[in-house]
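Report on one structure; see the data block that follows.
Residue numbers (the numbering used here): 8 to 486.
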């Protein structure tokens, strides 16, 4: 039985064979055209995103289009240098006549399973990384964003990528698992930790490398010297951006006890001004209701706005008197909810933040220039949240249940390659080969001397090693 998407994979592999021989400078021409399209035709992609996920253009232009343009510009400026072969120096003595280079090579055919919450940024950037690195791409868009997928696919084709090099697969749930079974060499997935675990298990069986950008249950650490107005507004922004449908949304706010009442008052004032928001799927609403009920059953107080939530909409909520055992503190969700938890000290906050199995990002609120805390997350932001993690030159990725690998910056581009090492040895003299084939005992003496000379402690031991190495070398082939 043929693998899924056999025709698409074959076309992609044929196109990639030729594309990999094209210079990086030439590969960047369609990328520049794409950035120009982002500027000149942004209304089209904004309308598609609004129709798919009900996000207003004023919000999408800031969180999706501008971030994508910045990431594309970074690739344009840095890709040639990052993808250039480089000389590796500093070799050991026994490789004195060997020259070594490291070359980033494309994986081949890259599968990308896209997401819907930021449907331009979280899809276009990895697609372009893969293409610029010399790969072909089979892209499975989210079933939630068919209009956006159509525009993005058409734009990339119109910008000049060769036929067959970039293909959009059906935007269905079934296409994702099928892509994992296809003839691919690498997979990038952005989505939930639940799906990520299943994909990782199957990819492991097939020995296919991957980058998994999964869920987060991000923490905010609010210290006693923090600007409370700034901290409260920023935490609430982090919990409710895109109606809470953000992987690095703030879900846990650890607050020093001395300022907890004042911080809680500020949070209540913000929450009470909020209006009900629409979520993308029925499952998100059901999970939201369950998380609120669980928090209240564990002694938390749910504070929501005064608006009335109707079908398909929920009221942004803060859980006061939260505790780390609550489901909202341990379960990834895509809804506007955050638990506020009192803590005795900064050290206690760090320990509680690290106890969660997710490790995507965290924020710290403090007026002092404190030492960087030992937070087990991919990104730490001081006195802000979410937005600084989109810096186009920085890697983005998580730990633990938040996945592995990077999807941004130099690391994100290089993730679409594997490092190939090329070594060249001059001359024809290979004493190790002749002595090894002849099982010459002098070879062991020579290598033991080399070990002592290269790594021995003290001048006397190293001198003796040099003498032993020379004597052994002189006997090679004579015993």
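A virtual CB, placed ideally from N, CA and C, is assigned to each residue, including glycine.
Small disclaimer: the values here were computed from a predicted structure and weren't measured.
Buried/exposed call for residue i, threshold 16 Cβ in 10 Å
i	result
residue 114	buried
residue 448	exposed
residue 38	buried
residue 236	exposed
residue 349	buried
residue 433	exposed
residue 103	exposed
residue 436	exposed
residue 243	buried
residue 147	buried
residue 282	exposed
residue 24	exposed
residue 477	exposed
Backbone secondary structure at residue i - three-state DSSP
i	result
residue 220	strand
residue 49	helix
residue 28	coil
residue 397	helix
residue 424	strand
residue 59	helix
residue 250	helix
residue 338	coil
residue 435	coil
residue 460	helix
residue 293	helix
residue 330	coil
residue 445	coil
residue 65	helix
residue 118	strand
residue 564	There is no way to answer for residue 564, as the model of the chain reaches only from 8 to 486.
residue 105	strand
residue 370	strand
Residue i CB to nearest heavy atom of the ligand ATP below 7 angstroms
i	result
residue 317	Ligands displayed in this structure: none; no statement on the ligand ATP is therefore possible.
Alpha-carbon spacing of residue i relative to residue j, whole angstroms
i	j	result
residue 84	residue 54	29 angstroms
residue 383	residue 474	50 angstroms
residue 345	residue 118	34 angstroms
residue 180	residue 320	24 angstroms
residue 353	residue 129	33 angstroms
residue 17	residue 185	15 angstroms
residue 484	residue 458	21 angstroms
residue 460	residue 164	60 angstroms
residue 68	residue 101	57 angstroms
residue 332	residue 220	25 angstroms
residue 156	residue 187	20 angstroms
residue 151	residue 59	7 angstroms
residue 381	residue 390	17 angstroms
residue 385	residue 218	14 angstroms
residue 441	residue 450	10 angstroms
residue 371	residue 230	8 angstroms
residue 56	residue 406	30 angstroms
residue 159	residue 168	13 angstroms
residue 127	residue 271	36 angstroms
residue 175	residue 305	46 angstroms
residue 41	residue 162	7 angstroms
Nearest-angstrom beta carbon gap, residue j and residue i [assumed within contact, 8 angstroms]
i	j	result
residue 311	residue 303	With a Cβ gap of about 12 angstroms, residue 311 and residue 303 do not count as contacting.
residue 198	residue 120	7 angstroms
residue 45	residue 76	5 angstroms
residue 71	residue 125	5 angstroms
residue 21	residue 171	6 angstroms
residue 388	residue 368	7 angstroms
residue 215	residue 200	Incorrect: roughly 19 angstroms between the Cβ atoms, too far for contact.
Would you call the region 132 to 142 and the region 413 to 424 touching, i.e. three or more CB-CB distances under 8 angstroms? A contact exists between the region 132 to 142 and the region 413 to 424.
Would you check if there are 3 or more beta carbon pairs closer than 8 angstroms linking the region 19 to 36 to the region 206 to 219? The region 19 to 36, when compared against the region 206 to 219, does not touch it at the 8 angstroms Cβ threshold.
Contact between the region 426 to 434 and the region 101 to 109 (3+ Cβ pairs under 8 angstroms): The region 426 to 434 is in contact with the region 101 to 109.
The region 225 to 235 touching the region 254 to 263, judged by at least three CB pairs closer than 8 angstroms: Touching, yes, given that three or more Cβ pairs across the two stretches are closer than 8 angstroms.
Assess, as a yes-or-no matter, whether the region 361 to 379 is touched by the region 273 to 280 under the definition of 3 or more beta carbon pairs within less than 8 angstroms. Judged by Cβ distances under 8 angstroms, the region 273 to 280 makes no contact with the region 361 to 379, as fewer than three pairs qualify.
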